[in-house]
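Trainee: Structure in structure tokens, see below.
Number of protein chains: 2
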Amino acid sequence: MLRRSLLRLPPLPSNARAKFCTSSTKFANRAIVYTETGNPATVLTALTYPSLPPPPPNSLNIRIRLAPINPADINVIEGVYPAKPALTGSLSPGQELTKPVYVGGNEALAEILQVGSGVEGLKKGDWVIMAKQQAGTWSSARTVDASDVIKLPADTLSEVNAATITVNPPTAYNMLRDFVELGEGDWVLQNGANSAVGQAVIQIAASRGLKTINFVRNRPDIDALKKQLSDLGATHVLTYDDLSDKALSRTVKQWTEDRPIRLMLNCVGGKPTAQMTRFLGTDAHLVSYGAMSKQPLALPTSAFIFKNLVAHGFWQSRWYDTHSRAEREALMHALAALKLKEPEHEIVTVLGWMSDVEAKEKNQKTRDSA
Amino acid sequence: MLRRSLLRLPPLPSNARAKFCTSSTKFANRAIVYTETGNPATVLTALTYPSLPPPPPNSLNIRIRLAPINPADINVIEGVYPAKPALTGSLSPGQELTKPVYVGGNEALAEILQVGSGVEGLKKGDWVIMAKQQAGTWSSARTVDASDVIKLPADTLSEVNAATITVNPPTAYNMLRDFVELGEGDWVLQNGANSAVGQAVIQIAASRGLKTINFVRNRPDIDALKKQLSDLGATHVLTYDDLSDKALSRTVKQWTEDRPIRLMLNCVGGKPTAQMTRFLGTDAHLVSYGAMSKQPLALPTSAFIFKNLVAHGFWQSRWYDTHSRAEREALMHALAALKLKEPEHEIVTVLGWMSDVEAKEKNQKTRDSA
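Chains A and B supply the protein sequences, listed in that same order. Anchor point for the first sequence: position 124 equals 478 in the numbering used here, and the numbering is continuous, going up by one each time. Anchor point for the second sequence: position 330 equals 684 in the numbering used here, and the numbering is continuous, going up by one each time.
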């Protein structure tokens with residue numbers, strides 16, 4: 355199973371003040387930043403910045419409790435991801451940096467520390483996640499627009515579930531909802547089934563009474579993985595090696611007999627993905643949210659013309675950009691109610707007493723194991 | 355330009371009666387038939403059958419005036435096309451064949467000879483086309499259900515335009531209408547632009563004030579082809595060779611500047627098609643209706659995820675299956691009003707005095723030049 359790394363960057367304790375801060379600051383914060391894209395091992399550095407003044411109108415001060423280190427975050431730093439962060443000239447309002455920086459991190463669980471005037475529906479202590487992409491979550495505390503956060507339902511999520519709820523669970527949830535109307539007993543086909551999204555797909559599908567056929571790579575401990583996914587609710591788990599078995603089409607047909615498969619979720623691409631489309635019925639939708647094989651999606655044109663296949667992509671970032679605050683909060687309520695299993699994870703705490711160089715090294719080590 | 359072949363199978367003249375027919379028949383008809391799929395040169399044969407008795411209730415007797423020989427018709431005979439004709443045990447009600455046959459041909463202009471009781475909205479002399487796929491149009495006359503024909507508007511179409519209106523023009527019309535809402539000045543990108551559908555796309559797009567970027571294969575007389583397509587209304591005509599020119603993206607961007615391309619029509623597949631998708635804006639739809647290259651449609655997954663590309667197929671047969679009689683007739687009225695240019699064609703008349711063997715050879719020759 356993929357193990358998630360979560361970063362904790364608590365504010366520096368008061369005895370560190372003298373070392374890092376001007377006398378006017380009460381606490382000091384940390385951020386993992388870079389000034390130009392490139393190899394994260396080279397470009398990332400840790401930066402100390404003063405505590406935040408009270409937030410301006412319609413803004414919030416938030417403390418970031420836990421921030422995942424996602425593969426896409428690394429791609430952003432490398433400069434190869436379509437979403438780009440903005441350069442920021444100040445990490446604490448009123449305190450200009452000598453040189454603008456990018457702050458790493460997209461996803462996080464944050465807690466509201468202080469609410470500016472004019473903010474409605476949010477209060478101190480509320481848990482929130484970022485509605486704005488590339489918000490720079492690898493930091494201790496930030497001042498943000500009230501419209502850039504989504505409030506989480508109170509007391510329903512663990513800290514780890516809350517910190518990892520922004521990207522993967524909603525990707526799974528929306529892909530299962532937005533493309534094909536599925537009812538109890540209908541089937542969903544997916545690859546990369548042990549990815550974070552894939553595991554969420556299995557759980558959400560099972561909660562709706564949908565059946566899943568899940569493909570994963572073969573591996574020495576395949577039976578353990580199959581059991582883990584079955585425990586999450588997977589109906590069948592197969593490996594890409596099974597695709598060379600000609601009898602598999604017949605088997606799948608027997609399973610799905612009176613309900614041809616109309617939804618396939620893909621994060622792999624390349625040949626195995628094309629082979630999987632032969633299990634689809636007419637009028638099916640193939641939704642891609644990743645390309646782990648780095649191969650293009652090569653499909654027979656006849657599948658589009660004669661089987662009426664439709665191929666889409668899904669990007670949760672676009673979903674946030676095109677949906678209202680109310681829709682976002684409704685989505686979070688729906689996800690919280692599902693009580694998804696916490697992803698396998700480790701929490702890496704960058705402590706206040708570490709020097710910037712030590713913090714950088716710890717962050718580096720974490721990314722290597724991610 | 356592709357030249358269409360159209361088959362004319364007039365009824366046999368009365369002096370042929372004695373040779374082919376029982377004494378009770380007044381005229382005799384011809385059909386191009388086969389009993390098993392395979393190489394058309396081997397499996398096709400011509401068959402003579404008696405004239406039709408009056409049609410039963412809710413049926414029509416029709417005379418087939420002109421029937422195209424389409425590439426898909428050949429694929430049907432070869433057994434490699436998804437739509438299969440039904441075996442028929444009788445070409446004239448009440449007269450059983452010794453062995454059931456498939457009758458070739460899908461598309462035709464027919465004229466109503468006689469109307470059975472209970473048929474409404476159709477009368478002797480009306481021009482009709484086939485609403486049912488694989489109706490066996492390579493024949494002189496047939497008895498059909500009234501619901502299996504679509505009435506054409508009177509006096510608006512030439513015989514050739516009417517005979518070729520069932521498949522290609524509606525494919526073009528519907529692809530331009532059903533996937534993206536396009537307004538005057540919007541752009542459409544297509545390949546195979548000198549195909550029958552491609553030429554219809556150019557004309558229909560021009561009639562709606564849409565601009566087209568059209569790709570064709572390079573050839574010695576490319577300037578003549580470019581002029582022909584421009585005369586039909588093409589905005590720009592390029593060859594697949596032009597795709598290797600890196601500056602082309604910039605050129606296309608200049609052309610389409612404030613209106614990124616949101617619709618691409620594809621009948622080719624393979625690498626040039628994938629290269630063309632780089633000209634598309636976000637939220638574009640790629641609609642495939644053919645695969646002349648016989649290569650799969652291989653697209654970068656990132657185009658689906660980050661540009662929100664959606665890939666569909668279009669098959670006019672499915673459209674007919676899923677639309678009402680009123681919708682079909684409205685489509686024909688819309689197409690007739692467009693006054694599309696007659697496709698380049700030759701009419702092959704299989705005369706009554708030809709023997710079955712001669713008729714078969716003539717049909718063979720025609721297909722070779724199609």
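Heads up, the beta-carbon is just placed ideally off N, CA and C, and yes, glycines get one too.
(1) May I have the straight-line CA-CA distance separating V469 (chain B) from E611 (chain B), to the nearest angstrom?
(2) With H, G and I counted as helix, E and B as strand and the rest as coil, what does DSSP make of L361 (chain A)?
(3) How far does the beta strand (DSSP E) with N568 (chain A) in it extend, from its first residue to its last?
(4) At 3 residues or longer, and completely inside the stretch 636-718 of chain A: list those beta strand (DSSP E) runs for me, N to C.
(5) Name the one or two DSSP bridge partners that V514 (chain B) has.
(6) If we count the other Cβ atoms within 10 Å of its Cβ and call it buried at 16 or more, is V457 (chain A) buried or exposed?
(7) Does P408 (chain B) pass the burial test, meaning 16 or more other C-beta atoms within 10 Å, or should it be called exposed?
(8) Which residues in the same chain have their Cβ closer than 8 angstroms to the Cβ of D480 (chain B), if we skip the five residues on either side of it in sequence?
(9) Since I believe H666 (chain B) is in contact with H639 (chain B) (beta carbons under 8 angstroms), could you give me their beta-carbon distance rounded to a whole number of angstroms?
(10) Nearest to P394 (chain A) by CA position, among A:S446, A:T627, A:L651, A:N424, is which residue?
(11) Flag this pair as touching only if the stretch 437-451 of chain A and the stretch 469-478 of chain A have three or more C-beta atom pairs under 8 angstroms; answer yes or no.
(12) In three-state DSSP terms, what is E432 (chain B)?
(13) Taking only the alpha-carbon atoms, compute the straight-line gap between H677 (chain A) and D585 (chain B) and give it to the nearest angstrom.
(14) Which runs of the alpha helix (DSSP H) spanning at least 4 residues fall entirely within the stretch 554-630 of chain A, listed in chain order?
(15) Please confirm if G552 (chain A) has its CB atom under 8 angstroms from at least one CB of chain B.
(16) Could you work out which residues of chain B lie near L653 (chain A), taking near to mean beta carbons separated by less than 7 angstroms?
(17) For chain B, find out if any of its Cβ atoms is closer than 8 angstroms to the Cβ of F569 (chain A); answer yes or no.
(18) Buried or exposed: where does N460 (chain A) fall if 16 or more other Cβ atoms within 10 Å of its Cβ makes it buried?
(19) With a threshold of 8 angstroms between beta-carbons, can R672 (chain B) be considered close to chain A, or not?
(20) In this structure, how does DSSP classify L366 (chain B) when only helix, strand and coil are distinguished?
(21) Rounded to whole angstroms, what is the Cα-Cα separation between R357 (chain B) and I576 (chain A)?
(22) List, in chain order, every chain A residue whose beta-carbon is nearer than 9 angstroms to that of H677 (chain B).
(23) Among B:S603, B:K661, B:W492, which residue has its Cα nearest to the Cα of D427 (chain B)?
(24) Is there a C-beta anywhere in chain A that falls below 8 angstroms from the one on T376 (chain B)?
(25) Once DSSP output is grouped into helix, strand and coil, what is the label at N393 (chain A)?
(26) Step through the CB atoms of chain D and report whether any lies within less than 8 angstroms of the CB of V498 (chain A).
(27) If we call anything under 8 angstroms between Cβ atoms a contact, is A588 (chain B) one with T566 (chain B)?
(28) Step through the CB atoms of chain A and report whether any lies within less than 8 angstroms of the CB of G667 (chain B).
(29) Quick one: using the 10 Å Cβ neighbour count with 16 as the cut-off for buried, is V434 (chain A) buried or exposed?
(30) Applying a beta-carbon distance threshold of less than 9 angstroms, which residues of chain B neighbour V473 (chain A)?
(31) Can you name the residues of chain A whose CB is closer than 8 angstroms to the CB of N545 (chain B)?
(32) Evaluate contact between the stretch 589-600 of chain A and the stretch 510-526 of chain A, counting only Cβ atoms and requiring at least three cross-stretch pairs below 8 angstroms.
(33) In three-state DSSP terms, what is V551 (chain A)?
(34) Could you check which residue in A:E538, A:R573, A:G546, A:N568 has the C-alpha nearest to that of S561 (chain A)?
Mentor: The relevant details are as follows:
(1) In a straight line, the C-alpha of V469 (chain B) is about 56 angstroms away from that of E611 (chain B).
(2) DSSP places L361 (chain A) in strand when its eight states are reduced to three.
(3) 565-570
(4) Considered as a whole, the stretch 636-718 of chain A harbours 651-653, 664-667, 699-703 as its complete beta strand (DSSP E) runs of no fewer than 3 residues, in chain order.
(5) The partner list for V514 (chain B) (beta bridge, DSSP) is empty, contrary to what the question assumes.
(6) buried
(7) It is exposed - the Cβ of P408 (chain B) has fewer than 16 other Cβ atoms within 10 Å.
(8) E465, I466, K505, L506, A508
(9) 6 angstroms
(10) A:N424
(11) no
(12) E432 (chain B) falls in the helix class under three-state DSSP.
(13) Each residue's alpha carbon lies about 45 angstroms from the other.
(14) DSSP runs (the alpha helix (DSSP H)) wholly in the stretch 554-630 of chain A: 576-586, 602-610, 625-630.
(15) no
(16) The contacting residues are P650, L651.
(17) no
(18) buried
(19) yes
(20) In the structure shown, L366 (chain B) sits in a strand (DSSP, three-state: E or B).
(21) 58 angstroms
(22) Near H677 (chain B) there are no residues of chain A at all, since even the closest Cβ is about 14 angstroms away, more than 9 angstroms.
(23) B:W492
(24) For T376 (chain B), the pLDDT reaches just 47, beneath the cut-off of 50, and the residue's location in the model is therefore unreliable, leaving the point undetermined.
(25) Here N393 (chain A) sits in coil by DSSP.
(26) The structure shown contains no chain D; its protein chains are A and B.
(27) Yes. Within cutoff.
(28) yes
(29) exposed
(30) Residues of chain B passing the Cβ test: none, with the nearest at roughly 33 angstroms.
(31) By Cβ distance, chain A contributes nothing, its closest Cβ being about 12 angstroms from N545 (chain B), past 8 angstroms.
(32) no
(33) helix
(34) A:E538
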